[in-house]
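The block underneath contains the structure these notes are about, expressed in structure tokens.
Numbering (our numbering), first residue to last: 1 to 455.
Shown next, in the form of structure tokens:
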């Protein structure tokens with residue numbers, strides 16, 4: 001049985017609000033920085049020689065008349081004369097910005113993108129702006145890269161809006177905000193070098209803000225639960241939807257947090273990475289099979305497959321409530337797998353990543369009596385050149401083969417005049433990759449089959 005997106009065991013419906021509080025630190029004259037609140041943020045500007053509030057408004061505020069709001073907030077008597085070194089607080093919402101864009105780095109399957117009420121055909125390299133809506137269907141994935149190098153990954157059955165994608169002129173900083181309406185999202189955020197750089201993710205019951213980390217956001221649509229799980233770096237989490245005055249707890253790497261709709265806050269250690277059994281084996285069957293060592297704390301496991309180590313181009317994923325995970329067939333090639341355990345409390349654990357080779361090579365055979373003796377036939381799937389080896393033993397599978405034919409190119413072999421007895425036979429395949437850059441040769445055997453010959 002495989003879980004759906006929202007079928008993993010969860011506890012009470014949660015309301016989550018994650019943030020990083022930005023310290024209020026004075027910088028060099030003419031440079032601004034953010035204050036603590038991520039919702040009603042202000043920046044502090046230190047006036048230098050020649051500055052006036054009116055000139056500042058013309059260059060860096062959205063409307064020239066916005067200087068009046070700054071004058072009122074800071075109780076400035078004369079907007080044309082500000083003492084050198086005076087610190088002036090400016091609401092973030094008044095700051096002028098230029099639009100930034102996200103780049104569609106990779107996508108697979110049924111991905112929808114809409115902007116200004118019209119659908120946009122997904123194309124690799126497509127520039128996506130503020131106000132866009134993105135969704136992935138079952139078995140579909142996409143990855144965005146932001147202007148500062150941060151990456152956003154959306155797996156199957158997820159919905160997201162880009163609510164803010166801006167570069168603030170006064171601070172020369174980024175201001176990003178994304179809204180996850182359902183499903184999951186991974187944020188790989190480039191460490192910020194400015195105090196005013198902002199990256200936030202909102203859910204219907206949550207808001208998170210970080211300054212450089214790798215973390216996951218998940219909304220369980222069935223229960224309303226929202227989870228935040230930190231893989232690298234740290235996130236502060238507070239109960240409720242408002243960041244103002246909220247009591248935050250630190251969520252460093254390896255921990256997660258969730259908050260209930262009643263305001264209760266739950267924090268948990270994430271499960272350690274699962275132990276993969278024989279991770280380096282060649283995946284040669286029709287479906288890919290992964291096995292993990294069982295442990296009581298795990299309610300299930302997730303495996304994500306990507307063509308690259310950064311998991312930009314995700315090609316498949318599977319969530320299972322057991323220790324054996326089957327992934328639908330993918331093309332031959334080299335891939336990376338990321339496995340996580342799902343805890344009994346609903347949190348997804350820390351990942352383990354490894355590389356593996358996918359080379360489809362199936363083989364099965366049959367034997368029967370024909371007009372000219374005993375006919376052995378086999379077949380299977382797989383691209384690239386295939387040669388076969390046939391072995392026949394008398395009396396035991398451990399006996400020295402009485403027939404050992406190598407380099408066969410046909411899928412049939414006939415033996416006449418077999419004396420009465422109990423025989424065991426098998427066939428092996430040697431398969432060469434269809435990729436000219438892959439010089440590895442793959443070999444496998446069928447299980448031994450028994451053949452009884454009587455007069």
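All C-beta atoms in this analysis are idealised placements derived from N, C-alpha and C, irrespective of residue type, glycine included.
- Per DSSP, residue 57 is one residue of the alpha helix (DSSP H) stretching across 53-60.
- Taken in chain order, the whole beta strand (DSSP E) runs of length 3 or more contained in the segment 297-340 are 298-306, 314-320, 324-327.
- For the pair residue 422 and residue 143, the Cα-to-Cα distance works out to about 59 angstroms.
- Linking residue 389 to residue 450 through their CA atoms gives a straight-line distance of about 17 angstroms.
- For residue 176, the enclosing beta strand (DSSP E) starts and ends at 173-188.
- Residue 222: not part of any alpha helix (DSSP H); DSSP gives it neither H nor E.
- For residue 125, the CB contacts under 7 angstroms within the same chain, skipping 5 residues up- and downstream, are 103, 104 in chain order.
- In its chain, beyond the 5 residues on either side, 290, 301, 303, 318 have a beta carbon closer than 7 angstroms to the beta carbon of residue 325.
- A distance below 7 angstroms between beta-carbons, with the five flanking residues on each side excluded, links residue 401 to the following residues of its chain, in chain order: 391, 392, 393.
- Spatial neighbours of residue 216 in its own chain (CB-CB distance under 6 angstroms, excluding positions within 5 residues in sequence) are listed in chain order as 186, 229.
- Per DSSP, the continuous beta strand (DSSP E) segment holding residue 102 begins and ends at 102-108.
- Rounded to whole angstroms, residue 334 and residue 279 show a C-alpha spacing of 13 angstroms.
- Rounded to whole angstroms, the gap between the alpha carbons of residue 181 and residue 133 is 10 angstroms.
- Two segments are said to touch when three or more pairs of C-beta atoms, one from each, lie closer than 8 angstroms; by this definition the segment 407-414 touches the segment 372-384.
- Residue 277 counts as exposed, since fewer than 16 other C-beta atoms from the protein chains shown sit within 10 angstroms of its C-beta.
- Less than 9 angstroms divides the Cβ of residue 179 from the Cβ of residue 202.
- Distance from the CA of residue 323 to the CA of residue 141, rounded to the nearest whole angstrom, comes to 24 angstroms.
- If you check the CB distance, residue 429 and residue 395 do not come in under 9 angstroms.
- In the structure shown, residue 81 falls within a coil segment according to DSSP collapsed to helix, strand and coil.
- Between the alpha carbons of residue 360 and residue 382 lies a gap of roughly 5 angstroms.
- Residue 81 counts as exposed, since fewer than 16 other beta carbons sit within 10 angstroms of its beta carbon.
- If you keep only unbroken beta strand (DSSP E) runs of at least 3 residues inside the segment 345-385, you get 352-358, 364-370, 373-379.
- Counting along the chain, the unbroken beta strand (DSSP E) around residue 451 starts and ends at 449-453.
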